[in-house]
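**Student:** Take this structure, written in structure tokens, and hold onto it; I'll ask about it next.
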Amino acid sequence: QKEVEQNSGPLSVPEGAIASLNCTYSDRGSQSFFWYRQYSGKSPELIMSIYSNGDKEDGRFTAQLNKASQYVSLLIRDSQPSDSATYLCAVINAGGTSYGKLTFGQGTILTVHP
Amino acid sequence: GAVVSQHPSRVICKSGTSVKIECRSLDFQATTMFWYRQFPKKSLMLMATSNEGSKATYEQGVEKDKFLINHASLTLSTLTVTSAHPEDSSFYICSASARGTYEQYFGPGTRLTVT
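Chains G and C supply the protein sequences, listed in that same order. So the first sequence is residues 1 to 114, counted in our numbering. So the second sequence is residues 1 to 115, counted in our numbering.
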């Protein structure tokens with residue numbers, strides 16, 4: 001079982017719709033969760049970080065965390081073609097020897113079509 | 001805020017030569033820096049973690065004598081690919097975290113081509 005799992009997609013949504021990206025993780029002790037966006041040929045860009053159960057909103061983005069279900073999601077409202085990218089879920093596992101080491105999911109490719 | 005730069009953005013070198021890549025945090029002090037590489041259409045692969053003033057911690061399978069990492073100050077880390085070979089051609093990306101935080105901010109990456 002992979003430590004962080006995402007549906008690789010591609011996920012295709014029409015412009016203006018809500019895109020829903022999901023991620024599950026295996027380490028129940030994980031405390032820190034992140035969503036990164038990566039355009040083709042570019043480096044990842046941090047979109048959201050979330051540490052507590054519940055929702056966290058920032059502009060058109062909402063991250064949702066449910067530690068009991070080991071589930072974290074990202075909602076993108078009013079999706080735009082410029083949101084088309086690969087979205088990476090990343091988790092910092094509890095303990096370990098490397099401080100702050102991220103474990104990434106394989107990424108979900110999102111395509112927003114006009 | 002939280003800007004990380006990398007230099008160079010693109011480099012082509014001949015097989016057997018060494019290449020140095022710089023990673024700088026421009027507006028914060030990066031107590032921890034990470035080096036990744038990414039092959040086309042593949043996931044990011046963590047190569048090593050470096051803390052300012054300490055030796056880097058390398059991931060399993062990454063040759064520490066080939067990929068030399070120096071984190072001499074709170075704003076600068078360097079990765080030197082020694083005796084580069086064509087199979088080292090990849091996209092190298094650094095990231096940085098400030099003290100007491102977990103958010104990693106990525107640099108724009110360096111595309112290395114070894115001929």
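C-beta atoms are modelled at their ideal positions from N, C-alpha and C, and glycine is treated no differently. Since we're looking at a predicted model, the values are computed, not measured.
In this structure, how does DSSP classify residue 87/C when only helix, strand and coil are distinguished?
**Tutor:** Reading the second sequence from its first residue, position 87 is the one you call residue 87/C. Residue state, collapsed to three classes: helix.
**Student:** Give the C-beta separation of residue 91/G and residue 20/G to the nearest angstrom, bearing in mind that I take them to be a contact with Cβ-Cβ under 8 angstroms.
**Tutor:** What you label residue 91/G is simply residue 91 of the first sequence in a count that begins at 1. What you label residue 20/G is simply residue 20 of the first sequence in a count that begins at 1. Residue 91/G to residue 20/G, Cβ: 19 angstroms. No contact.
**Student:** Would residue 62/G pass as a contact of residue 75/G if the rule is Cβ separation under 8 angstroms?
**Tutor:** Locating residue 62/G in the first sequence gives position 62, where the first residue counts as 1. Locating residue 75/G in the first sequence gives position 75, where the first residue counts as 1. Contact: yes.
**Student:** Which residues mark the beginning and the end of the beta strand (DSSP E) in which residue 34/G is found?
**Tutor:** Here residue 34/G corresponds to residue number 34 of the first sequence, with the count starting at 1. Residue 34/G -> beta strand (DSSP E) spans 32 to 38.
**Student:** Using 8 angstroms as the limit for Cβ to Cβ distance, is residue 107/G near chain C?
**Tutor:** If you number the first sequence from 1, residue 107/G lands on position 107. With 8 angstroms as the cut-off, residue 107/G counts as an interface residue toward chain C.
**Student:** Do residue 12/C and residue 110/C come within 8 angstroms of each other at the CB atom, strictly closer than that value?
**Tutor:** Counting from 1 along the second sequence, the entry for residue 110/C is found at position 110. Counting from 1 along the second sequence, the entry for residue 12/C is found at position 12. Not in contact: residue 110/C and residue 12/C (Cβ atoms no closer than 8 angstroms).
**Student:** If you measure from the beta carbon of residue 108/C to each beta carbon in chain B, is any gap under 8 angstroms?
**Tutor:** Given the protein chain composition of this structure (G and C), no chain B is represented.
**Student:** Apart from the five residues just before and just after residue 109/G, which ones in its own chain have a Cβ nearer than 6 angstroms to its Cβ?
**Tutor:** Sequence index remark: in the first sequence, residue 109/G carries index 109 (1-based). 9, 10, 86.
**Student:** Between residue 43/C and residue 104/G, how many whole angstroms is the CB-CB distance? I'm expecting something under 8 angstroms.
**Tutor:** Here residue 43/C is taken as the residue at index 43 of the second sequence, counted from 1. Here residue 104/G is taken as the residue at index 104 of the first sequence, counted from 1. Yes, they are in contact, since the Cβ atoms of residue 43/C and residue 104/G sit about 6 angstroms apart, within 8 angstroms.
**Student:** Go ahead and pull the three-state DSSP assignment for residue 14/G.
**Tutor:** Position 14 of the first sequence holds residue 14/G. Correct three-state label for residue 14/G: strand.
**Student:** Buried or exposed for residue 21/C, please, with buried defined as at least 16 other CB atoms from any protein chain shown within 10 angstroms of its CB.
**Tutor:** Position 21 of the second sequence holds residue 21/C. Counting Cβ neighbours within 10 Å, residue 21/C comes out buried, since at least 16 surround it.
**Student:** With a threshold of 16 other CB atoms inside 10 Å of the CB of residue 101/G, please say whether the residue is buried or exposed.
**Tutor:** By one-based count along the first sequence, residue 101/G stands at place 101. Counting Cβ neighbours within 10 Å, residue 101/G comes out buried, since at least 16 surround it.
**Student:** Are there 16 or more other CB atoms within 10 angstroms of the CB of residue 88/C, so buried, or fewer, so exposed?
**Tutor:** Counting from 1 along the second sequence, the entry for residue 88/C is found at position 88. Classification for residue 88/C: buried.
**Student:** Going along chain G, which residues have a C-beta under 8 angstroms from residue 103/C?
**Tutor:** On the second sequence, position 103 is the one that residue 103/C refers to. Correct list: 34, 46, 49.
**Student:** Could you give the uninterrupted runs of the beta strand (DSSP E) lying entirely in the region 57 to 111 of chain G, keeping only those of 3 residues or more?
**Tutor:** Taking only runs of at least 3 residues, the beta strand (DSSP E) segments lying wholly in the region 57 to 111 of chain G are 61 to 66, 71 to 76, 85 to 92, 102 to 104.
**Student:** Would you say residue 68/C faces chain G, with C-beta separation under 8 angstroms as the test?
**Tutor:** As a working mapping, residue 68/C is identified with position 68 in the second sequence. So, not an interface residue.
**Student:** Counting Cβ pairs, one atom from each stretch, are 3 or more of them under 8 angstroms apart for the region 63 to 71 of chain C and the region 39 to 54 of chain C?
**Tutor:** Yes, the region 63 to 71 of chain C is in contact with the region 39 to 54 of chain C.
**Student:** To the nearest whole angstrom, what separates the beta carbons of residue 83/C and residue 32/C, a pair I think is in contact under 8 angstroms?
**Tutor:** Taking the second sequence and counting its residues from 1, the one referred to as residue 83/C is at position 83. Taking the second sequence and counting its residues from 1, the one referred to as residue 32/C is at position 32. Contact flag wrong, Cβ pair sits at about 28 angstroms.
**Student:** Taking C-beta pairs closer than 8 angstroms, name the residues in chain G that residue 44/C reaches, listed in chain order.
**Tutor:** What you label residue 44/C is simply residue 44 of the second sequence in a count that begins at 1. The contacting residues are 44, 88, 104.
**Student:** Here's the rule: buried if 16 or more other CB atoms are within 10 angstroms of the residue's CB, otherwise exposed. What is residue 3/C?
**Tutor:** Position 3 of the second sequence, counting from 1, holds the residue named residue 3/C. Label assigned to residue 3/C: exposed.
**Student:** Should residue 79/G and residue 4/G be called a contact, given that it needs their Cβ atoms to be closer than 8 angstroms?
**Tutor:** To locate residue 79/G, count along the first sequence from 1; it is residue 79. To locate residue 4/G, count along the first sequence from 1; it is residue 4. No; because the gap between Cβ atoms is not below 8 angstroms, this pair is not in contact.
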